[in-house]
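K.L.:
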Amino acid sequence: MTRIEHIGDATLYLGDCTEAFSAIGAVSSVITDPPFEAEAHTLQRRTLGRGSEDGRRDIQDGALPFAAITERERSGLCQWAVGSCSGWLLAFCQAEAIGLWRRSMEGAGAKWRRTGVWIKPDGMPQFTGDRPGVGYESIAMAWCGQGKSKWNGGGKHGVWIIPKSDRGQGHGGRANEHPTQKPLRLMSELVSLFSAEGDLVCDPFMGSGTTGVACVGLGRRFVGAEINPKYFELACERIAAAYAQGRLFA
Ligand SMILES: C[S@@+](CC[C@H](N)C(=O)[O-])C[C@H]1O[C@@H](n2cnc3c(N)ncnc32)[C@H](O)[C@@H]1O
Numbered sequence: 197m198t199r200i201e202h203i204g205d206a207t208l209y210l211g212d213c214t215e216a217f218s219a220i221g222a223v224s225s226v227i228t229d230p231p232f233e234a235e236a237h238t239l240q241r242r243t244l245g246r247g248s249e250d251g252r253r254d255i256q257d258g259a260l261p262f263a264a265i266t267e268r269e270r271s272g273l274c275q276w277a278v279g280s281c282s283g284w285l286l287a288f289c290q291a292e293a294i295g296l297w298r299r300s301m302e303g304a305g306a307k308w309r310r311t312g313v314w315i316k317p318d319g320m321p322q323f324t325g326d327r328p329g330v331g332y333e334s335i336a337m338a339w340c341g342q343g344k345s346k347w348n349g350g351g352k353h354g355v356w357i358i359p360k361s362d363r364g365q366g367h368g369g370r371a372n373e374h375p376t377q378k379p380l381r382l383m384s385e386l387v388s389l390f391s392a393e394g395d396l397v398c399d400p401f402m403g404s405g406t407t408g409v410a411c412v413g414l415g416r417r418f419v420g421a422e423i424n425p426k427y428f429e430l431a432c433e434r435i436a437a438a439y440a441q442g443r444l445f446a
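This is the structure:
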C-alpha cells in the first residue's frame, strides 16, 4: 500500500485492493462497484463519446480511465470476503456477467442469494440506434455469514429505481468528478438495507468514495481501497466533508 488515511471511523487505502485485503481484516459487509468486464468497457467507450461539430456523436471517443475487472480481482475479492466478511457481499456488474460473479462467489464458498437491479430512468440512450439501450445495472448478492442470510428489507424487491443524476444530499460538493460515480441515494439505500448501525462496511473498489459517504451518513464504519490517486483524493475529500456535515439520514 502506498498510503493509508484515517478519517473519523473510515480507513482508506491507496493501492490495489487485492494487496490491501490482508490489512483490512474482518468486516461486516462488502458493498462494492468494481469495474465491469472488458466487453462493457468497450460499450461504455462508445456511449461516452463526445458530440461532434455537426451535432452527431463521435462514438469512438471517451475511454474510461480505469481498466476492466480481471478474473484475479473477482476471485480474489470473493475468496477474501468468504474468509473475512460476516454478512453480505454485493457487487455491481453488467447483466451478462452475473454468471461469472455467481460462479466466483459460490466457488469461494459464499451462499448465492439474488440478482438485484438498479434501474436508471435517465440512463444513456443507445446512440447507435441498432438495439435497445441498457438503462440498468445488476447487483450480484451473496451471503458470507453463518446461518441464514438476513437483511433489513423484509419482503421488499431487490429493485432500485433511482436516476443517475440523483446525487442525494451530502455528496461533499464533488458530484460527477468520477466518470461512473454512483448516486448517493442508491448507495445509502443499499448500506441501510444490508448492514446495521456501527457495522464495518467495505468497498474495495471505492472510486470517489460514495459508499463511504453513505456509511458516514448512516452511522456505519467504513474501509475502502482505490488504486487511482486522483479518485483516492476525491474519496478522502468527500468522506471528510460528510463527517463535517454530520449525520443526514435517520
Ligand atoms: C466503477 S468505479 C467505482 C465508482 C464508485 N462507486 C463511485 O461512486 O465513485 C471502480 C473503481 O475501481 C478502481 N479500481 C480498479 N481496480 C482496482 C483495484 N485492483 N484495487 C482498487 N481499486 C481499483 C478504479 O480506479 C475505479 O475508480
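Mapping the sequence shown onto my numbering, position 57 (from 1) lands on 253, and the numbers just tick up by one. Idealized CB from N, CA, C, for every residue including glycine.
Is the number of C-beta pairs between the stretch 325-340 and the stretch 281-292 that are closer than 8 Å three or more?
P.N.:
yes
K.L.:
Starting from the C-beta of Arg-310, find all residues in its chain whose C-beta is less than 6 Å away, skip the five residues before and the five after it, and write them out in chain order.
P.N.:
Here residue 310 is taken as the residue at index 114 of the sequence shown, counted from 1. These residues qualify, in order along the chain: Met-337 and Gly-354.
K.L.:
Just to confirm, does Gly-312 get its C-beta within under 7 Å of one of the non-hydrogen atoms of ligand 1?
P.N.:
In the sequence shown, residue 312 corresponds to position 116, counting from 1. Not so, every heavy atom of ligand 1 lies at least 7 Å from the Cβ.
K.L.:
Mind checking whether the beta-carbon of Gln-290 lies closer than 7 Å to any heavy atom of ligand 3?
P.N.:
The model on display carries ligand 1 but not ligand 3.
K.L.:
Which value, in whole angstroms, describes the spacing of the CA atoms of Cys-274 and Thr-228?
P.N.:
The count along the sequence shown starts at 1 and reaches residue 274 at position 78. The count along the sequence shown starts at 1 and reaches residue 228 at position 32. Cα-Cα distance, rounded: 12 Å.
K.L.:
Rounding to the nearest angstrom, what Cα-Cα distance links Phe-323 and Val-330 in this structure?
P.N.:
Along the sequence shown, one-based indexing puts residue 323 at 127. Along the sequence shown, one-based indexing puts residue 330 at 134. Cα to Cα, the separation comes out at about 11 Å.
K.L.:
For Lys-307, does the three-state DSSP call read helix, strand or coil?
P.N.:
Residue mapping note: residue 307 aligns to position 111 of the sequence shown, counting from 1. Three-state DSSP puts Lys-307 in a strand.
K.L.:
Should Pro-321 be labelled buried (16 or more other beta-carbon atoms within 10 Å of its own) or exposed?
P.N.:
If you number the sequence shown from 1, residue 321 lands on position 125. Burial call: exposed.
K.L.:
Taking all protein chains shown into account, decide if Lys-344 is buried (16 or more other Cβ within 10 angstroms of its Cβ) or exposed.
P.N.:
Counted from its first residue, the sequence shown places residue 344 at position 148. Exposed, since its Cβ has fewer than 16 Cβ neighbours within 10 Å.
K.L.:
Whole angstroms are fine: how far does the CA of Arg-299 sit from the CA of Glu-292?
P.N.:
Counting from 1 along the sequence shown, the entry for residue 292 is found at position 96. Counting from 1 along the sequence shown, the entry for residue 299 is found at position 103. Approximately 13 Å between the Cα atoms of the pair.
K.L.:
Quick one: residues in its chain with C-beta nearer than 6 Å to the C-beta of Asp-205, no 5 flanking neighbours on either side, listed in chain order?
P.N.:
Translated into the one-based positions of the sequence shown, residue 205 becomes position 9. If we look at Asp-205 and ignore the five residues flanking it on each side, its Cβ neighbours are Arg-417.
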